[in-house]
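These notes are about the structure you will find just below.
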Amino acid sequence: MNGQTLSDIPAGQFVHFEITARLGADRTGTWTLSVTIPGQPPMRYANLPFGSPQFQRLTWVGFISNANADTVFYVDNLQLAREVN
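Here is the structure:
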């Protein structure tokens, strides 16, 4: 995040990611990331700033890699949910 490594992710294991953020008129400008690696306690990173202060609405979800070699992602159980308070 911003050039800083938050965690090393082991190759060959499924890892659980959970991202939460308030969007729209109630947005806070930050989001939270929880990473759970099997056999380890969850790592939680809170108050991460949005990439842009104008971000209000999710219109695209994708998976990218900055690797310099061929890379494969296996995605399972992808869920997008809207919570209304």
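Each residue of the sequence shown is one higher than the one before, counting from 0 in numbering that gives the first Met the number 0. Positions of the beta carbon are idealized from the N, C-alpha and C atoms, including for glycine.
For A80, the secondary structure class from DSSP, reduced to helix, strand or coil, is coil.
Proximity to R81 across N46, L57, V34 peaks at L57, based on C-alpha coordinates. If you ignore the 5 residues before and after I36, its C-beta comes within less than 6 Å of the C-beta of V14, all in its own chain and listed in chain order. A contact is defined here as three or more CB-CB pairs under 8 Å, and the stretch 20 to 27 meets this definition with respect to the stretch 54 to 68. Under a 10 Å Cβ-count criterion, W30 is classified as buried, with 16 or more other Cβ atoms of the shown protein chains found around its own Cβ.
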